[in-house]
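The next block holds one structure in the form of structure tokens; read it before the comments.
Shown next as structure tokens:
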């Protein structure tokens with residue numbers, strides 16, 4: 010005699026012991042706790058990602074170079090491993106076959122910096138671009154910038170504005186529509202007491 014499969018399944022299920030209500034409640038509580046922890050992990054991961062992005066944005070604002078145009082007024086903050094400086098481009102004037110750039114560098118620290126190296130980039134104004142051609146035009150413009158490093162023969166005095174001039178050549182007035190200023194300051198001197 011053959012029993013149908015459905016009858017066998019019903020018989021097997023009927024033979025299973027009924028679950029203990031206390032055990033069932035414990036399992037439900039554990040599953041609930043797992044769901045809560047999974048949600049908390051997701052929140053922490055999201056917060057960590059947001060914090061990373063905010064840190065990147067903040068560090069990008071702490072610039073190791075400053076950009077100027079002939080119409081720029083005021084000063085910008087220059088961040089170096091040795092300290093923060095205030096820099097303004099005071100004047101651009103023709104000089105021989107180039108342009109003479111006059112910078113004012115504010116050293117708010119209580120230390121002098123000996124013979125810093127100026128790192129200047131210059132070129133035509135940044136192009137106005139549309140979304141479609143932005144990447145290539147910007148790359149071409151960046152590649153067209155010229156650069157110059159100049160070790161200063163003087164120190165940056167402590168707690169003072171220091172006037173520095175440098176000449177970029179060959180350059181016309183249009184060729185200095187964009188100026189970038191960076192500086193390497195590794196020689197620090199302090200007064201002995």
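Numbering (the numbering used here), first residue to last: 10 to 202. From the three backbone atoms N, C-alpha and C, an ideal C-beta is built for every residue, glycine too.
Rounded to the nearest whole angstrom, the C-alpha separation of residue 137 and residue 83 is 24 Å. In terms of Cβ geometry, residue 129 and residue 157 form a close pair [threshold 7 Å]. The residue among 190, 199, 94 with its C-alpha nearest the C-alpha of residue 175 is 190.
Cα atoms of residue 123 and residue 180: separation of roughly 29 Å, rounded to the nearest angstrom. Sequence-distant partners of residue 107 (beyond 5 residues in either direction) whose C-beta falls short of 8 Å from its own C-beta, in its chain, are 176, 177, 178, 179, 180. DSSP, reduced to helix, strand and coil, places residue 198 within a strand of the structure shown.
Remark: C-beta atoms of residue 96 and residue 126 do not approach each other more closely than 7 Å.
Selection 166, 36, 85 evaluated against residue 199 yields 166 as nearest (Cα-Cα).
Taking C-beta separations shorter than 8 Å and ignoring five residues to either side along the sequence, the partners of residue 78 in its chain run 134, 186, 187, 188, following chain order. Counting only runs of 3 or more residues that sit fully inside the segment 152-195, the beta strand (DSSP E) segments are 155-160, 169-177, 187-193, in chain order. A straight-line Cα-Cα distance of about 17 Å links residue 152 and residue 74.
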